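Count along the sequence shown from 1, then add 30; that gives the number in our numbering. Beta carbons are placed, not taken as given, at the ideal position from N, Cα and C, and that holds for glycine. Keep in mind it's a predicted model, so treat the numbers as computed, not measured.
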Amino acid sequence: MSWSNWSGSVTASGQIARPQSEDELAALVRSAHKLRVTGAGHSFMPLCESGELIINLEDMAGTMRIAADRRTANIPAGWSIRRLTAALYNEGLALANQGDVNPQSLAGAMATGTHGTGTDLGSLSTFARGFRLVGADGEARWCDAATHADLFQAQRLSLGLFGIATEIEVSVVPAFHLAERIEKRRWAEVRESYEELTRQHRHIEFWFFPHSDHVILKTLDLCDPCDPPPSTTDMEEAVFRRILNISARLPFLTPALQRLMMKSGISGRRRGPAHSIFPSDRTLRFEEMEYEMPRSAGLETLEEVVGWIRRRSLPVTFPFEYRVVAADDIWMSPMNAGQVAAISMHQYAKMPWAALFASAEAIFRGAGGRPHWAKRHTLNRADVTALYPMASRYTAVRRAADPEGKFLNPHLETLFA
Ligand SMILES: Cc1cc2nc3c(=O)[nH]c(=O)nc-3n(C[C@H](O)[C@H](O)[C@H](O)COP(=O)(O)OP(=O)(O)OC[C@H]3O[C@@H](n4cnc5c(N)ncnc54)[C@H](O)[C@@H]3O)c2cc1C
C-alpha cells in the first residue's frame, strides 16, 4: 500500500509499519537503513516521504498520566489531538489553544510548530515539557529542559529528525468553554479596527477571499459551561464546493464567482467545551503555504499579495487565513523573533498552485517572513542558516543524534544534513 499526505501532493513508496509496542518500534529502528515517522500525514511538505520505511504509531499501546498538580500530562505521542483533548476534557483539563482541525497526531503537530490564533498563546510546540524518544540507535531516552537539554531544545520543533517520540509531557490547563461568532465584515472596517479586535477577543482570525471586499471574521471568547454544539464545523462547505468545481474547469470565472458568493449573508454562532469549538471539519482538499510575518508587517503584506492577485485576476480560489501567534524561544520556530501574523495562502488541490505560491512567497520573504515548516516553501540550507541563528546548533544536535542520517529524507537532506 502506498502512502500519501492529506492533500494528495506527496506520495511515498516506502513500506508502512505499525508497531504496537516500544520494543517493536525499537527493533524496526535498529534494523532500518532509512525511515520516516508519520502522524496523520497532514503536512504539505514531503516531511514523511520515504522510499524505504514509514512508521505510524496509531496502534501503539499507551495511556495518559496526569501529574499530581494537574499542570502537565504524559501522553502517548501518536494520539491524535482529537483523542487527547477528549481524554483531557473527561479529566476536567484542556490544551490552552488548538489549531483549526484535530486529526493531527500530538507528535506531528508539535514537530512542525502547529498553532492556533491568540496574541498571548504560543504554538503547540510551546506546550512540550519533555519527550521520550527512540533514537537512531534504537535506545529510548527521556529529554527535558534539565536532561539532555540540547536534544530537548531541538526536539521542541523537530521535524522528526532526532528520533521517534513515544511519549510527550505536555502542559495543560483547567477545562474551559468557548463561544464562537462568525460574521461577514467589510475588509476596510476590519483593517481599521484590527488591533482593537485582537485586544477584545481571546482568539480572532479572518478569511479574506482575494477578489472580494468582504472578509469572514471569526472570534472565540470564554463563556459559561455548556454542552457541545450540534455541529462539528464552523461553516458549511456545500456552496463553496460547487464554486470550486466550476473554477477548476473555468478558472477565469474565479473573481466573479468569489464576489457573488461573498454577497450572501454569512454568520454563525456555536458554544461548547473548547476542544469541540476550536476544530472544524475541512472536507475540501487544498494545498497550502503559510508565512509567519513580523506582526507589524502582517496586514500590509496581506494587502500587497491580494493586490497582486487582483491586478492579474489570478484564479486563487481559497481565502487567505490571517491569525496571530505569541512569541516563543524555540530554536527553529518562526515565532522565535517575536509575535507573528500568520498568513496562509491556499489553493484548491485540483488546481495548479506551484507558480502562484512561488510569486507570493517572494512577497512574504521580501517582507521578512519565515515559513511554517509543514506548509509549502522553497527554502534551501543557505536560507535556513540566514533566517535562523540557531540553525547550526540544531544541525549539530541532529548529527550527534543520528550520525548515519537514518531520519533524513531527500527534502530534509537539503536543509539539515
Ligand atoms: C486541513 C488542515 C488543517 C491544518 N490546520 C493547521 C492549523 O490550524 N495550524 C497549523 O499550524 N497547522 C495546521 N495544519 C498543518 C498541520 O498541523 C501540520 O502539518 C502537522 O504537522 C500535522 O500533523 P500530523 O500528525 O499529520 O503530522 P505529519 O504530517 O504526519 O508529520 C509531521 C512531522 O512530524 C513528524 N512526526 C510525526 N510523528 C512523530 C513522532 N512520533 N516522533 C517524531 N516525529 C514525528 C514527522 O516525521 C514529520 O516530520 C493543517 C493541515 C491540514 C491538512
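Counting along the chain, residue 443 sits inside the alpha helix (DSSP H) bounded by residues 440-446. Look at the beta carbons and you see the stretch 191-206 touching the stretch 120-127: at least three pairs across the two are nearer than 8 angstroms. For residue 220, the shortest separation between its Cβ and any heavy atom of ligand 1 does not lie below 6 angstroms.
Counting every other CB atom within 10 Å of its CB across the protein chains shown gives residue 364 a total of 16 or more, marking it as buried.
Residue pairing by DSSP puts residue 123 in a beta bridge opposite 204.
Counting every other CB atom within 10 Å of its CB across the protein chains shown gives residue 250 a total of 16 or more, marking it as buried. Here DSSP, grouped into helix, strand and coil, assigns residue 263 to coil. Nearest in C-alpha terms to residue 102, of all of 279, 197, 311, is 197. The C-beta of residue 223 has fewer than 16 other C-beta atoms within 10 Å across all chains shown, which makes the residue exposed. In the structure shown, residue 252 adopts extended strand secondary structure according to DSSP, grouped into three states. Distance check between residue 353 and each of 200, 149, 343, 76 places 149 closest, using alpha-carbon atoms only.
C-alpha of residue 325 to C-alpha of residue 400: approximately 12 angstroms in a straight line. Distance from the CA of residue 358 to the CA of residue 426, rounded to the nearest whole angstrom, comes to 21 angstroms. When the alpha-carbon of residue 153 is set against those of 360, 231, 332, the nearest one is in 360. By the CB criterion at 7 angstroms, residue 375 and residue 390 fall inside the cutoff. Excluding sequence positions up to five before and after residue 382, its CB lies less than 8 angstroms from no other CB in the same chain. With three or more CB-CB distances shorter than 8 angstroms, the stretch 256-271 counts as touching the stretch 308-316. Following the DSSP letters along the chain, one finds residue 276 in no beta strand (DSSP E) but inside the alpha helix (DSSP H) bounded by residues 268-279. The nearest non-hydrogen atom of ligand 1 is 6 angstroms or more from the C-beta of residue 149. In terms of side-chain proximity, the C-beta atom of residue 305 is found no nearer than 6 angstroms to any non-hydrogen atom of ligand 1. Here the C-alpha atom of residue 355 lies approximately 31 angstroms from the C-alpha atom of residue 164.
Between residue 200 and residue 220, the C-beta gap is not smaller than 7 angstroms, which leaves the two residues out of contact. For residue 297, the enclosing beta strand (DSSP E) starts and ends at 297-303. The Cβ atoms of residue 317 and residue 39 lie closer than 7 angstroms to each other. A straight-line Cα-Cα distance of about 8 angstroms links residue 233 and residue 146. In this structure, the straight-line span from the alpha carbon of residue 302 to that of residue 327 is close to 34 angstroms. Inter-segment contact for the stretch 178-185 and the stretch 276-284 is absent: fewer than three beta-carbon pairs are separated by less than 8 angstroms. Counting only the Cα atoms, residue 137 lies some 19 angstroms from residue 119. Residue 76 sits away from residue 402, with the two beta carbons spaced by 7 angstroms or more. Rounded to whole angstroms, the Cβ separation of residue 155 and residue 133 is 18 angstroms, and the two are not in contact under 8 angstroms.
Under the three-state reduction of DSSP output, residue 33 falls in the strand class. For the 7 angstroms CB-CB criterion, residue 319 and residue 405 form a contact. When DSSP states are grouped into helix, strand and coil, residue 375 belongs to the strand group. Between the stretch 84-92 and the stretch 62-70 there are three or more inter-stretch CB-CB distances shorter than 8 angstroms, so the stretches are counted as touching. Residue burial is scored here from C-beta neighbours: residue 115 has at least 16 other C-beta atoms within 10 angstroms and is therefore classed as buried.
Annotation for residue 249 indicates a beta carbon at 6 angstroms or more from all heavy atoms of ligand 1.
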